[in-house]
Amino acid sequence: MFPFIRSKKITPDFSFLGTDMHNHFLPGLDDGVKTMEETLTFFKKMKAMGYHQFYCTPHIIEGMYPNTPENINNTLQLVNERVKYEGIEVQVKAAAEYMADHDFEQLLKENRPLLTFGGNYVLIEMSYVAPSSFIDTAIFQLKLKGLQPVLAHPERYGYLHHSFNHYVNYLDRGCLLQLNLLSITGYYGPQIKKIAEKLLREDMISFLGTDIHHQNHLDGLQALGQNTSIMSLLKQKRFLNNTL
């Protein structure tokens, strides 16, 4: 009889990115991580996978997650105090994931300060149900203010799938695109996976984000990191994560 041979487990290595610019690790602010202990555990596990810097991006959505720069930065300070106390060698900063809604329109009109990552990047999103009527104006206004809009997970907006020109148009207007890593694995469904792969093949993606909210997302990222074919594809591409 042949002896049982255990397959070797590959340690995920995302050091080619280094920075995760889209996650929900600030505890208690939205539908992401709920407790400080969970936040610290995620940082430890992500560091073991090659990440060393995190821009936490809690949702800012009118009537649902009315976060502000003040309460986000206050939570960030508490997190960094614990990170330092625990001796976790990572850099933790804060930005936000802004819903392109009426409230965001007012923020821009009133010229109120926005939370950015990497200097002047602003992460924006739309509803999964229907496109924002304000998205084009938001992109234009952000560019006018010298800020660089980045559309979060465009592959997840099903109403864009019928015409790939939607994605081309966003780029033409000066909006960069950020892909969720789990989209490539089929985590969100086969059609999203198909669009994600096409966006990657066409070199239309500037940033890769984890968009981690909970343990299942982290487990999915660890599984992705052991998929040699996907990791090989990603490492052949150029992303801006490691420039932040």
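If you want my numbering, it's the 1-based position in the sequence shown plus 118. Glycine included, C-beta positions come from ideal geometry on N, C-alpha and C.
Sequence-distant residues of its chain with Cβ nearer than 8 Å to residue i (five each side left out)
i    : result
E207 : K165 and H170
L317 : P272, E273, Y285, L295, L297 and I323
K355 : L318, D321 and I323
For residue j and residue i, believed in contact at Cβ under 8 Å, the rounded distance
i    : j    : result
L135 : L342 : Not really, about 12 Å apart at Cβ, beyond 8 Å.
E223 : E243 : Wrong, their Cβ atoms sit about 14 Å apart, outside the cutoff.
H140 : L241 : 6 Å
K311 : S324 : With 8 Å as the limit, K311 and S324 do not qualify as a contact, their Cβ atoms being about 20 Å apart.
Y285 : A248 : Going by Cβ atoms, the distance from Y285 to A248 rounds to 17 Å, so no, they are not a contact pair.
Q309 : H271 : Not quite, the Cβ-Cβ distance comes to about 14 Å (not below 8 Å), so this is no contact.
C174 : V210 : 7 Å
Y246 : Y275 : 6 Å
Own chain, CB closer than 7 Å to residue i, minus 5 neighbours either side, in chain order
i    : result
D221 : E180
K163 : L336
H331 : H142, D149 and G150
F132 : M167, G168, Y169 and G343
I253 : A218 and M244
Beta bridge counterpart(s) of residue i as assigned by DSSP
i    : result
A213 : The partner list for A213 (beta bridge, DSSP) is empty, contrary to what the question assumes.
Under 7 Å between C-beta atoms of residue i and residue j
i    : j    : result
L147 : P184 : no
A212 : I190 : yes
R230 : I257 : no
L362 : G264 : no
L158 : E204 : yes
Q259 : L289 : no
Close-in-space but distant-in-sequence residues of the same chain around residue i (CB under 6 Å, 5 per side omitted)
i    : result
V268 : Y239, L241, L294 and Q296
T328 : D138, N141, L299 and L339
I128 : Q344
With a floor of 4 residues, list each alpha helix (DSSP H) that falls wholly inside the region 138-192, ordered by position along the chain. Counting only runs of 4 or more residues that sit fully inside the region 138-192, the alpha helix (DSSP H) segments are 154-166, in chain order.
Return the chain-ordered ranges of every alpha helix (DSSP H) run that is complete within the region 191-275 and spans a minimum of 4 residues. With a minimum length of 4 residues, the continuous alpha helix (DSSP H) runs that stay inside the region 191-275 are 220-227 and 253-262.
At 3 residues or longer, and completely inside the region 272-308: list those beta strand (DSSP E) runs for me, N to C. Qualifying beta strand (DSSP E) stretches, in chain order: 294-298.
Jot down the residue ranges of each uninterrupted alpha helix (DSSP H) in the region 306-353, minimum 4 residues, whole runs only, in chain order. Whole alpha helix (DSSP H) segments, 4+ residues: 308-319 and 333-343.
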